[in-house]
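These notes are about the structure you will find just below.
Residue numbers (the numbering used here): 5 to 570.
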């Protein structure tokens with residue numbers, strides 16, 4: 005991403021990217037807002053109808069009037085229930101769509117980050133932001149704002165209705181409203197700090213579970229079960245401590261409004277009772293006033309909750325802004341040029357990780373002619389995998405140039421380029437889901453016959469037939485029972501489905517013994533035929549029938565045999 009773009013985006017954060025999905029759903033938002041306001045207005049009617057029922061019906065001995073207002077209360081109640089159900093459905097639908105849109109927006113950006121940016125953050129931290137912080141923002145953007153408007157209308161409406169019956173009592177209650185607000189506002193910062201601390205602790209626990217589940221066999225093999233249990237115990241105690249702190253401060257912050265409400269109710273009963281005895285206020289009006297009193301006090305907490313939600317949302321938005329500020333790779337759809345199968349040439353390519361002074365790759369020259377099988381070996385950490393990432397467009401060379409048929413790779417559509425390239429990674433990923441779903445990751449339209457053929461070509465036909473559900477076998481449970489050789493062959497079968505013109509193999513035999521490695525190399529020759537192959541390995545002796553071989557040392561390629569660039 006260009007520096008100007010990054011600066012512009014960071015300036016728009018943390019709210020700009022949240023505003024866009026809200027704007028796209030403004031009609032649904034307006035409809036939900038209208039339903040919420042109508043529901044609030046309906047909630048103001050029952051106390052008024054109850055007052056009329058008592059004063060005009062019960063106190064006058066008029067049963068017809070009583071029946072009329074009872075029927076009106078039933079109608080209003082049914083209408084309110086129906087409106088609540090419709091509002092809830094509309095809210096759930098809009099809320100789910102908004103959260104999905106926010107997640108897509110963030111995932112789109114994350115998938116454009118260079119691999120080093122992923123590795124710089126722990127999985128627990130990322131999951132805490134993707135789940136907790138996004139949910140907080142979505143809740144504030146929808147629930148908080150809608151609830152705030154409803155609470156404000158309810159507060160103003162209830163005070164206005166109290167004024168119709170007794171301006172004196174309305175003024176008494178109105179004086180207590182800012183006192184309640186000030187009490188809640190005084191406690192809110194302490195509560196917000198403790199809630200933030202609790203959320204950070206949740207991220208630590210999430211990271212603990214992911215590490216434990218991802219590396220469970222290693223912990224077992226090192227007899228570290230007790231240490232993991234102790235670690236969980238410590239995290240659990242710390243979470244309990246922070247949770248109790250949140251609950252205690254929350255109790256103190258809620259205690260004041262409850263006390264004020266009790267005093268206000270006592271005051272209304274005392275003064276209202278006196279006015280009823282003096283004949284200046286009817287009994288039904290006192291009952292209605294008590295009902296509206298509750299409707300006045302309840303929105304205060306909701307409005308202050310909106311303030312607290314704003315504070316939490318700002319924290320979450322800032323945490324998400326850190327992810328959006330990460331510089332992304334070039335847009336994979338930006339380029340328009342496309343080339344056919346041809347020569348791949350690297351000239352003077354230099355690369356180093358951000359913040360490092362030493363070059364990992366320094367002036368690398370390499371030519372791959374169509375149909376060649378080329379090996380690059382070298383010690384661990386020499387930059388072999390970085391070279392693969394440069395060819396995939398996951399990293400950008402700081403010096404030199406990569407060309408395809410004479411066209412700079414930077415000018416090509418990375419999306420179309422990667423459709424021609426298959427990458428067999430060092431540790432093949434078995435995705436969650438069925439075997440068929442993993443294979444179709446690179447070929448969504450492949451039929452089951454095509455999948456079976458690909459597995460058969462890599463020597464997994466009998467293995468497939470032995471699986472309990474064949475192609476529908478879930479790999480979530482199967483992953484632990486797949487050997488290193490089977491994983492490599494599965495990755496190769498998945499690559500074949502892509503029908504690539506270039507195959508990049510990153511340490512494909514790292515998990516295999518020498519005999520299995522040589523057998524896998526023979527399989528590569530058999531199934532890939534004339535497909536161009538670039539093999540990265542520190543076990544170069546396992547591969548034969550090479551057209552060229554290089555060794556990567558101190559950032560440079562030691563050439564054994566290679567054609568020169570055109």
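We put the CB at the ideal spot given by N, CA and C, even for glycine.
Practice problem: Identify, in the order they occur along the chain, each residue of the same chain with its Cβ nearer than 6 Å to the Cβ of residue 458, setting aside the five sequence neighbours on each side. | Solution: The count along the chain shown starts at 1 and reaches residue 458 at position 454. Cβ neighbours of residue 458 beyond the five flanking positions: 497, 500 and 501.
Exercise. Report the partner residues of residue 474 according to the DSSP bridge assignment.
Key: Counting from 1 along the chain shown, the entry for residue 474 is found at position 470. Residue 474 is not bridged to any residue.
Practice problem: Examine the ligand NAP and report whether any of its heavy atoms sits within less than 6 Å of the Cβ of residue 548. | Solution: In terms of ligand content, the structure shown is empty, and the ligand NAP therefore cannot be addressed.
Practice problem: Count the other C-beta atoms from every protein chain shown that fall within 10 angstroms of the C-beta of residue 570, then say buried if there are 16 or more, exposed otherwise. | Solution: On the chain shown, residue 570 is found 566 positions in, with the first residue counted as 1. Reliability fails at residue 570, whose pLDDT of 46 lies under 50, so the model's placement of it is uncertain and the value that follows must be treated cautiously. Residue 570 comes out exposed.
Practice problem: State the CB to CB distance for the pair residue 385 and residue 367, rounded to an integer number of angstroms; the pair is presumed to be in contact (CB under 8 Å). | Solution: Position 381 of the chain shown, counted from the first residue, corresponds to residue 385. Position 363 of the chain shown, counted from the first residue, corresponds to residue 367. Wrong, their Cβ atoms sit about 18 Å apart, outside the cutoff.
Self-check item: Start-to-end residues for the beta strand (DSSP E) that takes in residue 365
Solution: Here residue 365 corresponds to residue number 361 of the chain shown, with the count starting at 1. Unbroken beta strand (DSSP E) run through residue 365: 365-372.
Quiz item: Do you know offhand how far residue 546's Cα is from residue 389's?
Solution: On the chain shown, residue 546 is found 542 positions in, with the first residue counted as 1. On the chain shown, residue 389 is found 385 positions in, with the first residue counted as 1. Using only the alpha carbons, I get a separation of about 18 Å.
Quiz item: Nearest CA to the CA of residue 295: which residue from 193, 96 and 55?
Solution: Working through the chain shown from its first residue, we reach residue 295 at position 291. Comparing Cα-Cα distances from residue 295 to each of 193, 96 and 55, the minimum goes to 55.
Quiz item: The beta strand (DSSP E) spanning residue 354 covers which residue range?
Solution: On the chain shown, position 350 is the one that residue 354 refers to. Per DSSP, residue 354 belongs to the beta strand (DSSP E) from 348-355.
Quiz item: By DSSP, does residue 100 sit in helix, in strand, or in coil?
Solution: Stepping through the chain shown from its first residue, residue 100 is reached at position 96. Residue 100 falls in the helix class under three-state DSSP.
Quiz item: Within 10 angstroms of its Cβ, does residue 255 collect 16 or more other Cβ (buried), or is it exposed?
Solution: The sequence position of residue 255 within the chain shown is 251, counting from 1. Flag for residue 255 reads exposed.
Quiz item: Leaving out five residues before and five after residue 267 in sequence, what residues of the same chain have Cβ atoms less than 8 Å from its Cβ?
Solution: As a first step, residue 267 must be located in the chain shown, where it is residue number 263. Contacts found: 180.
Quiz prompt | residue 426: first and last residue of the uninterrupted beta strand (DSSP E) it sits in | solution = Numbered from its first residue, the chain shown carries residue 426 at position 422. Counting along the chain, the beta strand (DSSP E) containing residue 426 begins and ends at 425-428.
Quiz item: What first and last residue would you give for the alpha helix (DSSP H) that runs through residue 614?
Solution: A question about residue 614 goes unanswered here, because the residues of the chain that appear run from 5 up to 570.
Practice problem: Determine the contact status of residue 279 and residue 273, defining contact as a CB-CB distance below 7 Å. | Solution: The residue labelled residue 279 in the question sits at position 275 within the chain shown. The residue labelled residue 273 in the question sits at position 269 within the chain shown. Contact: no.
Self-check item: Cβ pair residue 70, residue 61 closer than 7 Å
Solution: Here residue 70 is taken as the residue at index 66 of the chain shown, counted from 1. Here residue 61 is taken as the residue at index 57 of the chain shown, counted from 1. Cβ distance < 7 Å, so residue 70 and residue 61 count as in contact.
Quiz item: What residues match up with residue 557 in a beta bridge as DSSP calls it?
Solution: For the purposes of this step, residue 557 is taken as residue 553 along the chain shown, with counting starting at 1. 560.
Quiz prompt | residue 198 vs residue 162 beta-carbon contact at 7 Å | solution = As a first step, residue 198 is located in the chain shown; it is residue number 194 there, counting from the start. As a first step, residue 162 is located in the chain shown; it is residue number 158 there, counting from the start. The answer is no: Cβ separation not under 7 Å.
Exercise. Please confirm whether residue 351 and residue 409 have their CB atoms less than 7 Å apart.
Key: Within the chain shown, numbered from 1, the residue matching residue 351 stands at position 347. Within the chain shown, numbered from 1, the residue matching residue 409 stands at position 405. Taking 7 Å as the Cβ cut-off, residue 351 and residue 409 do not qualify as a contacting pair.
Quiz prompt | Residue nearest to residue 216 in terms of C-alpha spacing, selected from 206, 233 and 434 | solution = Position 212 of the chain shown holds residue 216. Measuring from the Cα of residue 216, the nearest candidate turns out to be 233.
Quiz item: Taking the alpha carbon of residue 26 as the point to measure from, which residue in 514, 44, 420 and 100 has its own alpha carbon closest?
Solution: Locating residue 26 in the chain shown gives position 22, counting from the first residue. Of the candidates 514, 44, 420 and 100, the one whose C-alpha sits nearest the C-alpha of residue 26 is 100.
Quiz item: Counting along the chain, where does the alpha helix (DSSP H) carrying residue 1 start and finish?
Solution: Missing from the structure shown is residue 1; the chain here goes from 5 to 570 and no further.
Exercise. Provide the residue span of the alpha helix (DSSP H) that contains residue 54, from first to last.
Key: Here residue 54 is taken as the residue at index 50 of the chain shown, counted from 1. Where residue 54 is concerned, the enclosing alpha helix (DSSP H) stretches over 49-56.
Quiz item: Does the beta-carbon distance from residue 365 to residue 559 come in below 7 Å?
Solution: Locating residue 365 in the chain shown gives position 361, where the first residue counts as 1. Locating residue 559 in the chain shown gives position 555, where the first residue counts as 1. Contact: yes.
Quiz item: Touching or not, the stretch 524-532 and the stretch 454-469, by the rule of three or more beta carbon pairs under 8 Å?
Solution: yes
Quiz item: alpha helix (DSSP H) containing residue 536: first to last residue?
Solution: Numbered from 1 along the chain shown, position 532 holds the residue referred to as residue 536. Premise fails: residue 536 lies in the beta strand (DSSP E), 536-540, not in any alpha helix (DSSP H).
Quiz item: Using a Cβ-Cβ cut-off of 8 Å (strictly less than) and excluding sequence neighbours within five positions of residue 59, which residues of its own chain qualify?
Solution: Reading the chain shown from its first residue, position 55 is the one you call residue 59. Once the five neighbours on either side are set aside, the close Cβ partners of residue 59 are 286, 287, 288 and 289.
Quiz prompt | Reference residue 520; option with closest CA among 504, 493 and 531 | solution = Against the chain shown, residue 520 aligns to sequence position 516. If we check each option's Cα against that of residue 520, 493 comes out closest.
Practice problem: Starting from residue 412, follow its DSSP beta bridges and name the residues at the other end. | Solution: Here the question's residue 412 lines up with position 408 in the chain shown. 407, per the DSSP bridge assignment.
Quiz item: Hey, out of 170, 235, 472 and 299, whose CA is closest to residue 275's CA?
Solution: Taking the first residue of the chain shown as 1, we reach residue 275 at position 271. Residue 170 is the option with its Cα nearest to residue 275.
Practice problem: Look at the alpha carbon of residue 168 and the alpha carbon of residue 193, and state the distance between them as a whole number of angstroms. | Solution: Reading the chain shown from its first residue, position 164 is the one you call residue 168. Reading the chain shown from its first residue, position 189 is the one you call residue 193. Using only the alpha carbons, I get a separation of about 37 Å.
Practice problem: Check the C-beta distance from residue 183 over to residue 264 and give it rounded, since I have them as a contact under 8 Å. | Solution: As a working mapping, residue 183 is identified with position 179 in the chain shown. As a working mapping, residue 264 is identified with position 260 in the chain shown. Right, their Cβ atoms sit about 6 Å apart.
Quiz prompt | Own chain partners of residue 446 with C-beta closer than 6 Å, once the 5 adjacent residues on each side are dropped | solution = Within the chain shown, residue 446 is the residue found at index 442, counting from 1. Cβ within range, chain order: 498, 501 and 502.
Self-check item: Residues bridged to residue 154 [DSSP beta-bridge criterion]
Solution: Translated into positions along the chain shown, residue 154 becomes position 150. Note: residue 154 sits in no beta bridge, so no partner.
Quiz item: Given a threshold of 16 other Cβ atoms within 10 Å of its Cβ, counted over all protein chains shown, does residue 337 qualify as buried or as exposed?
Solution: For the purposes of this step, residue 337 is taken as residue 333 along the chain shown, with counting starting at 1. In this prediction, residue 337 has a pLDDT of 43, which is less than 50 and means its spatial position is unreliable; nothing more can be read from the coordinates.
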